[in-house]
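This report refers to the structure that appears directly beneath it.
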Amino acid sequence: MSITRTVPGGVARRFQLFLLAAVGALPVLGISAHVFGVADLHATAVYVTLPVWLLTFAVLVWKRESSSVARIAVQGAALGIVAVLPYDALRLPFIVTGYWPDFIPDVGGWAVGSGHPDAVLGYLYRYLGDGGGIGLAFVCGCAILGLRRRLPLLAVLYGCGVWLGLIATVALAPHGQQQLFHLTPATLVLSLAGHIVYGVTLGIACQQMQKIRDRGRTATQVPSRAARSVPAGTSSAPSPFATARQAAPDSITSTAPVPSQGEAAHQRRQRSVQATASPHNGSSQAPAGAQSHVARPRPRPGPVPAPHPAG
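Numbering-wise, the sequence shown is residues 81 to 391 according to the numbering used here.
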């Protein structure tokens with residue numbers, strides 16, 4: 081499917097999706113900027129990320145019923161939040177056993193500027209910011225590029241790309257390993273596995289949502305096609321003034337063949353000749369050459385005269 085068909089509205093609509101993808105990347109970029117020492121996470125979270133996210137969320141909620149971009153963005157953020165759950169389910173046993181130190185509470189302390197770990201704010205930032213933002217960026221990117229197939233595979237590759245960014249931050253930042261986690265074979269494998277799980281979950285969820293949208297679109301197109309097949313000014317329902325044959329042409333059928341115009345005229349001429357030759361046509365005159373069978377009245381006899389005497 082082409083980009084213009086996937087994202088109706090052309091360049092302006094794609095630009096809106098690009099802006100939403102950039103908004104989704106703000107929380108992750110804020111952590112990288114803090115670890116590299118470019119900008120404090122408290123400043124970027126309070127003065128950049130939070131206002132932009134609140135404004136974006138308000139616009140999306142306002143336009144979610146009339147804008148396809150708003151629906152795509154809301155679904156992407158929601159699916160990204162859901163995809164963090166299996167990722168943390170994979171991390172939890174290693175965190176509880178102390179095998180993998182948890183740096184998420186430190187992120188919460190950086191966000192509020194206290195310098196002390198805050199697990200509640202840290203995991204809120206992780207789920208709403210990192211998970212929701214990464215999911216939002218992925219869905220908007222797929223909509224811009226018109227990617228509709230093999231979404232689980234694309235999401236896994238996307239998750240691996242996010243993992244490469246995390247490892248680059250840990251390895252290249254001056255104090256990356258002290259602030260986040262130490263790079264060991266175990267942490268490399270576990271962090272990669274977590275991002276793969278995140279990608280698989282996000283991709284499967286996006287694929288299912290795409291199927292639901294396609295079924296809904298098909299269900300709305302079928303009645304419209306049926307309506308377009310009916311000529312203008314007509315109705316699919318029978319008219320109340322139609323005859324029985326017109327109102328129910330399938331239930332009332334005739335097996336007699338329909339005569340042509342010439343045959344119909346010939347039949348009318350035959351009926352006219354037969355009506356003329358019939359003796360019961362209402363005429364009081366008999367045909368020529370025929371004897372009348374009407375009984376004539378006989379004359380009544382008069383009185384017999386008396387005989388004269390002989391003289």
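C-beta atoms are modelled at their ideal positions from N, C-alpha and C, and glycine is treated no differently. Since the structure is predicted, the reported quantities are computational estimates derived from the model, not experimental observations.
DSSP state of residue i mapped onto helix, strand, coil
| i | result |
| --- | --- |
| LEU227 | coil |
| PHE116 | helix |
| GLY241 | helix |
| ALA163 | helix |
| ALA102 | helix |
| PHE261 | coil |
| VAL91 | helix |
| TYR127 | helix |
| HIS255 | coil |
| PRO173 | helix |
| TYR278 | helix |
| ASP168 | helix |
| GLY178 | coil |
| ASP294 | helix |
| SER315 | Residue confidence for SER315 is low, a pLDDT of 45 falling below 50, so the modelled location carries little weight; the figure read from the coordinates is stated next. Looking at SER315 - three-state DSSP - the assignment turns out to be coil, as it is neither helix nor strand. |
| HIS346 | helix |
| PRO232 | helix |
| PRO197 | coil |
| SER148 | helix |
Boundaries of the alpha helix (DSSP H) in which residue i is found, first to last residue
| i | result |
| --- | --- |
| LEU208 | Looking at the DSSP string, LEU208 is not in any alpha helix (DSSP H), and its letter there is neither H nor E. |
| PHE183 | No alpha helix (DSSP H) contains PHE183, which DSSP labels as neither H nor E. |
| PRO131 | 130-143 |
| HIS122 | 121-124 |
Local Cβ density within 10 Å of residue i, reported as buried at 16 or more and exposed below that
| i | result |
| --- | --- |
| SER364 | Confidence at SER364 is low in this model, with a pLDDT of 46, below 50, so the placement of that residue is unreliable and no value is reported for it. |
| GLY212 | buried |
| ILE175 | exposed |
| ALA344 | exposed |
| VAL141 | exposed |
| GLN96 | buried |
| GLY193 | exposed |
| PRO181 | exposed |
| ILE292 | exposed |
| LEU237 | exposed |
| ALA235 | buried |
| GLY80 | This structure gives no information on residue 80, because the portion of the chain shown stretches from 81 to 391. |
| THR136 | buried |
| GLY160 | buried |
| GLY296 | exposed |
Minimum C-alpha distance to residue i - residue among the options
| i | options | result |
| --- | --- | --- |
| GLY90 | GLY211, LEU225, VAL164 and THR264 | LEU225 |
| ILE214 | VAL280, LEU231, ALA157 and ALA285 | ALA157 |
| GLN155 | ALA285, ALA105 and GLY274 | ALA285 |
| LEU216 | ARG351, LEU100, GLN354 and ALA235 | LEU100 |
| GLY239 | PRO166, LYS143, GLY209 and LEU282 | LEU282 |
| LEU246 | ASP294, ALA102 and PRO107 | PRO107 |
| CYS222 | VAL149, ALA266 and THR267 | VAL149 |
| LEU227 | GLN347, ARG351 and GLN290 | GLN290 |
| GLY117 | HIS255, PHE261 and HIS346 | HIS255 |
| VAL242 | GLY279, ALA266 and PRO173 | GLY279 |
| LEU204 | VAL162, PRO173, GLN354 and ARG349 | VAL162 |
| ARG229 | LEU165, ASP294, ASP168 and LEU268 | ASP294 |
| ALA191 | THR177, TYR127 and SER352 | TYR127 |
Cβ-based neighbour list, residue i, same chain, cut-off 8 Å, excluding 5 preceding and 5 following
| i | result |
| --- | --- |
| VAL197 | Note that residue 197 corresponds to Pro in the displayed sequence, not to Val. Closer than 8 Å at Cβ, skipping near neighbours: PRO185, ASP186, GLY188 and GLY189. |
| LEU170 | LEU270, ALA273, GLY274 and VAL277 |
Cβ-based neighbour list, residue i, same chain, cut-off 7 Å, excluding 5 preceding and 5 following
| i | result |
| --- | --- |
| ALA251 | LEU263 |
| ASP120 | HIS114 |
| GLY110 | LEU121, THR124, ALA125 and THR129 |
| GLN287 | LEU231 and PRO232 |
| ALA153 | LEU100, LEU140, LEU216 and CYS220 |
| PRO320 | The predicted model places PRO320 with a pLDDT of 36, which falls under 50 and marks its position as unreliable; any figure quoted below should be read in that light. Closer than 7 Å at the Cβ level, and outside the excluded window around PRO320, lies no residue. |
| GLN257 | VAL250 and LEU263 |
Nonlocal neighbours in the same chain, by C-beta distance under 6 Å from residue i, ignoring five residues either side
| i | result |
| --- | --- |
| ARG206 | ILE184 |
| ALA199 | PRO185 |
| TYR179 | none |
| SER112 | THR249 |
| GLN259 | VAL115 |
| GLY104 | GLY213, LEU216 and ALA217 |
| GLY209 | PRO107 |
| PRO166 | VAL277 and THR281 |
| GLY202 | ILE184, PRO185, VAL187 and GLY188 |
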